[in-house]
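Start counting the sequence shown at 25; every next residue gets the next number (my numbering).
Quick notes on the structure that follows.
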Amino acid sequence: MQGLMMNTPLLISSIAEHGAKYHGGREIVSVTADNPRHRYTYRECIGRARQLANALDKLGLEHGDRVATLAWNDYRHLEAYYGMSGAGYVCHTINPRLFPEQLVFIINHAEDRWIFTDVMFVPLLEAIADKISGVEGFVVMTDEAHMPETSLKNVVCYETLIAAESAEFTWPELDERTASALCYTSGTTGDPKGVLYDHRSTVLHAFAAVAPDTMNLSCHDSVLPVVPLFHVNAWGIPYSTFITGAKLVLPGPKMGDGEVLCELLDTEDVTLALGVPTVWLGLLQYAEKAGKRLDKLQRTIVGGAAVPRSMIEAFRDQHGVDLRQGWGMTETSPLGAANSTKAGMESLTPDERLDLATKAGRGLFGCEMRIVDDEGVELPWDGEAYGALQVRGPWVCSDYFKLEGGAGSHTDDGWFDTGDVATIDPGGYMAITDRTKDVIKSGGEWISSIELENAAMGHPAVAEAAVIGISHPKWTERPLLIVVKAEGQEVSKEELLAWYDGKVATWWIPNDVAFVEELPHTATGKIKKIELRKQFTDYQFPE
Ligand code: AMP
């Protein structure tokens, strides 16, 4: 027997209309290339998204066609999110930090028909224009006064495009499984792979994101996503804010600018900020130098890479900010786990709380987790056993766009293999120990590069650290610590190695330390271990 409840589809356009109706006057503040503080409201945002939807319908697109964006976090990009997906098109967000060859690959693979771009990325597109001939036209996301000279063909100004349209639009009542957005993984190995979100997955993910033990988001918050709209939907923030009515502060091209971020946090009364660890490293360094305290900020959600204990401590002790770690991937929309304390943990000492906070977090309801060994046998949740992390749920990808199972990323019983290696403790707290490919195998045992990196990051003279495995005649592989020194600080190899005493098992301690000026990062801010391994291919441990 079936239940007797309504089957109204879960649609992104419903989130838009909910936000505009219930929180119409809530503010959205953006830094853009042409305006240091653009301000308007949810109501105006959705009005303009409807104008855009009308304009898209006139471009001769079919539902399901991909329309790309190449843009920073600002109000026009947000309108594109709602206008494109709401009207039945697939909003394909492109990471402008990718190499030109990767841009060409994904634009062609996605079969993008139009590209919406910020002014500053026009030269990037001009350079590859002859290789993306399937693209019919370009919309430059600015007004007529700031339109650039360009050799691109069929170029339209965003403000002119939407000015001609009505702010009335009847959103199509799509099937909730309709594709809504497309984002390619960073592709550290091989070609990038497309993750195709749908309306249902997006809405369910947004519900999970706002929950108290995830982001604890409400209309009283002011939110600064320093996670880009061009990567995994800025962790779903465009949707979770519109569900709750939180103020939205968008940093535009200033995502890596400590001074601007500090000022936004202060003047826009930001209570919640989100970003990857590298972003916060920069911000904490700036705040320390400038003698600033982040007084208004209450909490940060940090994920996308392992979060060093020293960072959690710095936020807590220097700024009174609660850092909550999250884990996720492009393939999981992205949120899969979030770290918050449980009832009964009130008596934990500050140190025990810190230990807990260094874990990635508990699986959200909606994202089941398991760890398995090489034979696919499930491992216990004892906080010790580590194995391949597999997940499943309604906002986890079931395949990659146009690969039809070719990636071999799913198990026969329907779980997605994340490529991460993790432990899960009896309380359900999952901790990432490595990417499968980055695991260091010494004498048949695994050493966690992430734990070694985290410990090194706790040293005051270390700005950034990475650990890779180097082949070793006796142990197969041994860890090498690679360090970028903090500005103005000196430290020796011996001091750094001694720093590990008592922090990790003796046999985990790296065999050597290499100092470098900087570490290579991927387009999404992760340390590029592949590149590092290449740089150190000829490296040999001292006798
Ligand atoms: P992406 O698809 O670019 O968002 O990258 C996803 C990957 O980032 C995951 O598979 C993890 O390897 C890594 N990652 C995300 N969150 C964390 C975390 N809290 N700790 C360690 N690694 C993380």
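From the three backbone atoms N, C-alpha and C, an ideal C-beta is built for every residue, glycine too.
Of the listed residues the options, nearest to residue i (C-alpha basis)
i	options	result
residue 230	503, 446, 209, 389	389
residue 138	128, 129, 131, 160	160
residue 136	148, 157, 120, 150	157
residue 360	45, 270, 455	455
residue 201	329, 418, 90	418
residue 362	480, 88, 49, 237	237
residue 504	411, 492, 356	492
residue 423	372, 355, 457	355
residue 548	120, 373, 99, 154	120
residue 377	93, 346, 181	346
residue 53	246, 274, 485, 564	274
residue 58	85, 143, 126	143
residue 112	289, 92, 93, 86	86
residue 269	290, 245, 520	245
residue 310	329, 338, 292	338
residue 554	317, 494, 115, 141	494
residue 188	116, 25, 420, 75	75
Residue i versus residue j - alpha carbon distance
i	j	result
residue 204	residue 532	45 Å
residue 183	residue 163	9 Å
residue 437	residue 386	23 Å
residue 352	residue 232	13 Å
residue 490	residue 197	49 Å
residue 14	residue 335	Residue 14 lies beyond the residue range present for the chain, which begins at 25 and ends at 567; the question has no answer from this structure.
residue 440	residue 516	43 Å
residue 370	residue 379	14 Å
residue 397	residue 500	21 Å
residue 568	residue 488	With the chain covering 25 to 567 only, the question about residue 568 has no answer from this structure.
residue 279	residue 259	15 Å
residue 49	residue 68	9 Å
residue 56	residue 305	23 Å
residue 149	residue 207	18 Å
residue 536	residue 546	25 Å
residue 44	residue 368	40 Å
residue 321	residue 284	15 Å
residue 61	residue 287	12 Å
residue 400	residue 514	46 Å
residue 242	residue 332	28 Å
residue 40	residue 106	7 Å
residue 298	residue 248	6 Å
residue 408	residue 271	41 Å
residue 281	residue 327	19 Å
Helix, strand or coil at residue i according to DSSP, with G and I counted as helix
i	result
residue 80	helix
residue 464	strand
residue 240	coil
residue 546	coil
residue 538	strand
residue 393	strand
residue 179	strand
residue 382	coil
residue 520	helix
residue 412	strand
residue 93	strand
residue 474	helix
residue 144	helix
residue 118	coil
residue 52	strand
residue 347	strand
residue 204	strand
residue 469	strand
beta-carbon residue i near the ligand AMP non-hydrogen atom, thresh 8 Å
i	result
residue 329	yes
residue 381	no
residue 459	yes
residue 353	yes
residue 456	yes
residue 444	yes
residue 349	yes
residue 209	yes
residue 258	no
residue 384	yes
residue 120	no
residue 366	no
residue 474	yes
residue 358	yes
residue 255	yes
residue 550	yes
message: Give the list of continuous beta strand (DSSP E) stretches no shorter than 3 residues that lie fully inside the segment 247–334.
response: Correct list: 271–274, 296–299, 323–326.
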